[in-house]
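Take the numbering used here: the last position of the sequence shown gets the number 986, and nothing is skipped along the way. Here is the structure we will look at.
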Amino acid sequence: MKYSITTLCIGNKYTPILQHWLNRTTQKCKNAVITVFNDSNYINNIHVKNRSGLIWLLRFKQNIDYFKQNMIPLVMCDLDIIIEKDIEPLIQLPFDIIISKEIGGTNAYPTDCSNILGFGVCAGFVIFKVTALSFMTTILDNMINGKYNTCDDQVNIMKHIVNNKHSISNEIVKIYDKCYNNIIIDIDNIKICVLDFDIIVRDPIMNIGQVANHINIDNVGGSNNFIKYFYEDLEKLPLTCRCGKTHLGDNNKCIHIDLRNINKCVC
Ligand SMILES: [Zn+2]
720 MKYSITTLCI
730 GNKYTPILQH
740 WLNRTTQKCK
750 NAVITVFNDS
760 NYINNIHVKN
770 RSGLIWLLRF
780 KQNIDYFKQN
790 MIPLVMCDLD
800 IIIEKDIEPL
810 IQLPFDIIIS
820 KEIGGTNAYP
830 TDCSNILGFG
840 VCAGFVIFKV
850 TALSFMTTIL
860 DNMINGKYNT
870 CDDQVNIMKH
880 IVNNKHSISN
890 EIVKIYDKCY
900 NNIIIDIDNI
910 KICVLDFDII
920 VRDPIMNIGQ
930 VANHINIDNV
940 GGSNNFIKYF
950 YEDLEKLPLT
960 CRCGKTHLGD
970 NNKCIHIDLR
980 NINKCVC
């Protein structure tokens, strides 16, 4: 199945990563047409009521315009997501939108919504099918009109779910011979599949057969360190979590070092 993967590359943090990300994504995702958006002047002509999170409006608008031209499944994928396996089985899931899960469970960003839903969605990795275009347009209109006082797409998606009639169920699915528990949200006559956290993993990242690793670049000390995660053994590299990194404002004790040691013993 032919599909598009798009990413947004703006600024010094992401530019050094781009070529490594392109090489990896091209190598893993056999049927993907990959497009990079990087024109920061793109939205200067749009009048936006509340400009906070404007970069995410840029990304969303570019994706919708691109989507309308091509009308094939579209994957919006951040540059800090390292693909480990071909994502095509995710695209084949029978839902209108397939989105990764945000870190933090009931306290995931934005917390006022995850407190209600019990989970958060992460706009860093989202698959849109052609049937999702109307939903995407609603989200974009809300961003432009300042309905939720931000252009942040993740916040707008979460706020839209919480503030509109929806139902939530769970579905077990097998992907690459592993069983996962996805969350299905029925809303606006479409179905949104929130992927099990173990499919697109975040901290603590260990090798558990995941499809991709979503690594916070700041947590691993910047772009040059991040690039190592494309090439070196994940479990021999520094932990990707934020805990204990006082320079990033986190003073919690890291519990993941112990987890890693336990895992080593088991192996
Ligand atoms: Zn930790």
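Glycine is no exception: its CB is placed at the ideal position from the N, C-alpha and C atoms. A quick note: this is a predicted structure, and the numbers were derived from the prediction, not measured.
Open item on the list: Quick check on DSSP: helix, strand or coil for Val849?
Closed with: The count along the sequence shown starts at 1 and reaches residue 849 at position 130. In the displayed model, Val849 falls within a helix according to three-state DSSP.
- [ ] Could you pull out every residue in the same chain whose Cβ sits closer than 7 Å to the Cβ of Asp805, ignoring the five residues on either side in sequence?
- [x] Here residue 805 corresponds to residue number 86 of the sequence shown, with the count starting at 1. Here Asp805 has Lys747, Cys748, Lys749 as same chain residues with Cβ atoms under 7 Å from its own Cβ, once five neighbours each way along the sequence are excluded.
Task: Alpha carbon of Asn731 to alpha carbon of Ile774, nearest angstrom - done: By 1-based counting over the sequence shown, the position of residue 731 is 12. By 1-based counting over the sequence shown, the position of residue 774 is 55. Approximately 15 Å between the Cα atoms of the pair.
Open item on the list: Looking at chain D, is there any beta carbon in it that lies within less than 9 Å of the beta carbon of Cys832?
Closed with: Annotation note: the requested chain D is absent from the structure, which comprises a single protein chain.
- [ ] Consider the C-beta atom of His879 and the heavy atoms of ligand 1; say whether any pair is separated by less than 8 Å.
- [x] Indexing the sequence shown from 1 puts residue 879 at position 160. Result no, Cβ not under 8 Å from ligand 1.
TODO: Keeping to the same chain, check which residues put their C-beta closer than 8 Å to that of Thr869; ignore five residues upstream and five downstream.
DONE: Looking up residue 869 in the sequence shown gives position 150. Only Asn769, Ser771, Gly772, Met862, Asn875 meet the Cβ criterion.
Open item on the list: Going by DSSP, what residue range makes up the beta strand (DSSP E) through Asn970?
Closed with: Position 251 of the sequence shown holds residue 970. Segment: none, Asn970 is in no beta strand (DSSP E) and carries neither H nor E.
- [ ] Measure the Cβ-Cβ separation of Val913 and Lys848 and say whether it is below 9 Å.
- [x] The sequence position of residue 913 within the sequence shown is 194, counting from 1. The sequence position of residue 848 within the sequence shown is 129, counting from 1. For the pair Val913 and Lys848, the CB atoms are not nearer than the 9 Å cut-off.
TODO: Verify the contact flag: Val958, CB atom, against every heavy atom of ligand 1, threshold strictly below 8 Å.
DONE: One-based indexing of the sequence shown puts residue 958 at position 239. The identity of residue 958 in the sequence shown is Leu, whereas the question assumes Val. Yes, ligand 1 has a heavy atom inside 8 Å of this Cβ.
Task: Buried or exposed (CB count within 10 angstroms, at least 16 for buried), Leu967 - done: Indexing the sequence shown from 1 puts residue 967 at position 248. It is exposed - the Cβ of Leu967 has fewer than 16 other Cβ atoms within 10 Å.
TODO: Could you spell out the range, first to last residue, of the beta strand (DSSP E) harbouring Ile891?
DONE: Your numbering for residue 891 matches position 172 in the sequence shown. Unbroken beta strand (DSSP E) run through Ile891: 885-894.
TODO: Evaluate Gly843 with the Cβ neighbour count: other Cβ atoms within 10 Å of its Cβ, from every protein chain shown; 16 or more gives buried, anything less gives exposed.
DONE: Taking the first residue of the sequence shown as position 1, residue 843 is located at position 124. Gly843 is buried by the Cβ-count criterion.
- [ ] Taking the CB atoms as reference points, tell me whether Thr725 and Thr754 lie closer together than 9 Å.
- [x] Against the sequence shown, residue 725 aligns to sequence position 6. Against the sequence shown, residue 754 aligns to sequence position 35. Yes, the pair counts as a contact, with Cβ atoms nearer than the cut-off.
Task: Three or more C-beta pairs below 8 Å linking the stretch 943-959 and the stretch 916-926 - done: Contact check between the stretch 943-959 and the stretch 916-926: three or more CB pairs, one atom from each, fall below 8 Å, which counts as touching.
Open item on the list: To test your reading of the DSSP string, which unbroken beta strand (DSSP E) runs of 3 or more residues are found completely within the stretch 902-947?
Closed with: The beta strand (DSSP E) runs of length 3 or more contained entirely in the stretch 902-947 are, from start to end of the chain, 909-913, 931-933.
Task: Option in Asp871, Leu798, Ser723, Cys728 with minimal Cα separation from Tyr948 - done: Numbered from 1 along the sequence shown, position 229 holds the residue referred to as residue 948. Of the listed residues, the one whose Cα sits closest to Tyr948 is Leu798.
Open item on the list: Quick check: Ile936 and Ile736, are their CB atoms within less than 9 Å of each other?
Closed with: Counted from its first residue, the sequence shown places residue 936 at position 217. Counted from its first residue, the sequence shown places residue 736 at position 17. A contact, by the Cβ cut-off of 9 Å.
Task: Alpha-carbon to alpha-carbon, Cys841 and Asp917 - done: Mapped onto the sequence shown, residue 917 falls at position 198. Mapped onto the sequence shown, residue 841 falls at position 122. Spanning the two alpha carbons is a distance of roughly 14 Å.
- [ ] Find the nearest neighbour of Leu852 within the set Thr734, Lys893, Ile816, Cys973, judged by alpha-carbon distance.
- [x] The residue given as residue 852 occupies position 133 in the sequence shown. Cα-wise, what sits closest to Leu852 is Ile816.
TODO: Tell me whether Lys721 is buried or exposed, calling it buried when 16 or more other Cβ atoms sit within 10 Å of its Cβ.
DONE: Stepping through the sequence shown from its first residue, residue 721 is reached at position 2. Flag for Lys721 reads exposed.
Task: Residues near Val985 in its chain [Cβ-Cβ closer than 6 Å; skip 5 each side] - done: To locate residue 985, count along the sequence shown from 1; it is residue 266. Only weak support is given to the placement of Val985: the predicted model assigns it a pLDDT of 46, under 50, and the value that follows is read from those uncertain coordinates. In the same chain as Val985, and ignoring 5 residues on each side of it, no C-beta atom comes closer than 6 Å to its own.
Open item on the list: In the DSSP output, which residue or residues are listed as bridge partners for Asn731?
Closed with: Here the question's residue 731 lines up with position 12 in the sequence shown. Partner residues in a beta bridge of Asn731, as assigned by DSSP, do not exist.
Task: Inter-residue CB distance, Met877 and Ile783 (contact presumed, cutoff 8 Å) - done: On the sequence shown, position 158 is the one that residue 877 refers to. On the sequence shown, position 64 is the one that residue 783 refers to. Ile783 and Met877 do not touch by the CB rule: their CB atoms are close to 19 Å apart, not below 8 Å.
Open item on the list: I want to check one thing, is the minimum distance from the CB of Ile974 to the heavy atoms of ligand 1 below 8 Å?
Closed with: Sequence index remark: in the sequence shown, residue 974 carries index 255 (1-based). Judged by the Cβ position, Ile974 qualifies as a neighbour of ligand 1 at the 8 Å threshold, a heavy atom of the ligand being closer than this.
Task: Beta-carbon contacts of Ser942 that lie in its chain and below 7 Å, excluding the five residues immediately before and after - done: What you label residue 942 is simply residue 223 of the sequence shown in a count that begins at 1. Taking Ser942 as the centre and dropping the five residues before and after it, the same chain places the C-beta of Lys732, Pro735, Ile736, Ile936 closer than 7 Å to its C-beta, in chain order.
Open item on the list: Please classify Lys972 as buried or exposed, where buried requires at least 16 neighbouring CB atoms within 10 angstroms.
Closed with: On the sequence shown, position 253 is the one that residue 972 refers to. The residue is exposed, with fewer than 16 neighbouring Cβ atoms inside 10 Å.
Open item on the list: Could you give the first and the last residue of the continuous alpha helix (DSSP H) run that contains Ile774?
Closed with: For the purposes of this step, residue 774 is taken as residue 55 along the sequence shown, with counting starting at 1. Note, Ile774: alpha helix (DSSP H), 773-789.
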